[in-house]
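Structure first, then comments.
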Amino acid sequence: GLSGWTANDWSQAGNFDLMAPRADVDQWTQQLIFDALRENWVESPDSLAQRLDLSPTAVLGALGAYTQAGRAIYDLNKQVYRVRELSREPLPMERLRFANQREETATRFLSNNAVEVTSVKDAGGTLQLQGNVTDKSKTYNPVLTIDRDERIIAAECTCNWYQQNKLYKGPCEHILALRMQHARQSQ
1383 GLSGWTANDW
1393 SQAGNFDLMA
1403 PRADVDQWTQ
1413 QLIFDALREN
1423 WVESPDSLAQ
1433 RLDLSPTAVL
1443 GALGAYTQAG
1453 RAIYDLNKQV
1463 YRVRELSREP
1473 LPMERLRFAN
1483 QREETATRFL
1493 SNNAVEVTSV
1503 KDAGGTLQLQ
1513 GNVTDKSKTY
1523 NPVLTIDRDE
1533 RIIAAECTCN
1543 WYQQNKLYKG
1553 PCEHILALRM
1563 QHARQSQ
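What follows is the structure, given as structure tokens:
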């Protein structure tokens, strides 16, 4: 899919976008946030959240979806989002929804109620999550730590993907599913 992330091989292989927060935000709220961003063309997520009386998590989730779809970019230096329309016609958000197969699989685990958060510990500004993800007849046990900005800063899983790649190619679908389930329960 399209994204505000660079297309360099090292960036694509690292799947940095999967380490960033991703909230599940309904289409109406996403459009409301994007329309508000278009009013000023550039704005910080906190400013948008305050102006629209929405949670910062919802605003970041919507902006992340628009960034992935190529309609917004994040300015790291100024820590603001900017509108960036790539075409006259809106791009098909549903087709661009998932960054890769692991994110799509994680979403399927949630739809099938196959994810359980077994432990949440607040450790000085970070959250440590543990859980179980059932895939067919096998249960995996992901563990992850997220920071105040909801980025994954450490993670482990009992699956083969993690054993072979650690986080060098991004998190496995079980780690993603655990983070998504925790976000769903926290709303």
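Numbering (the working numbering), first residue to last: 1383 to 1569. All C-beta atoms in this analysis are idealised placements derived from N, C-alpha and C, irrespective of residue type, glycine included.
- Query: With DSSP run on the structure shown, which of helix, strand or coil describes R1533?
  - Reply: coil
- Whose C-beta lies closer than 7 Å to the C-beta of S1426 among residues of the same chain, with five residues either side of it excluded? Q1461 and V1462
- Task: Give the straight-line distance between the Cα atoms of N1482 and L1436, rounded to the nearest whole angstrom.
- Result: 28 Å
- Message: Cutting at 7 Å between CB atoms, please list the residues of its own chain near T1500, excluding the five before and the five after it.
- Response: Q1512, G1513 and N1514
- Would you decide whether Y1535 is buried or exposed? Buried here means 16 or more other CB atoms lie within 10 Å of its CB. Residue identity differs from the one stated: residue 1535 is Ile in this sequence, not Tyr. So I1535 counts as exposed.
- Message: Taking a contact to mean a Cβ-Cβ separation below 8 Å, would you say I1528 touches L1509 in this structure?
- Response: yes
- Query: Which first and last residues belong to the alpha helix (DSSP H) in which G1443 is found?
  - Reply: P1438 to Q1450
- Query: Anyone know if the C-beta pair for H1564 and V1502 falls short of 8 Å?
  - Reply: yes
- Query: Taking the C-alpha atoms as reference points, what is the distance between E1421 and V1465?
  - Reply: 10 Å
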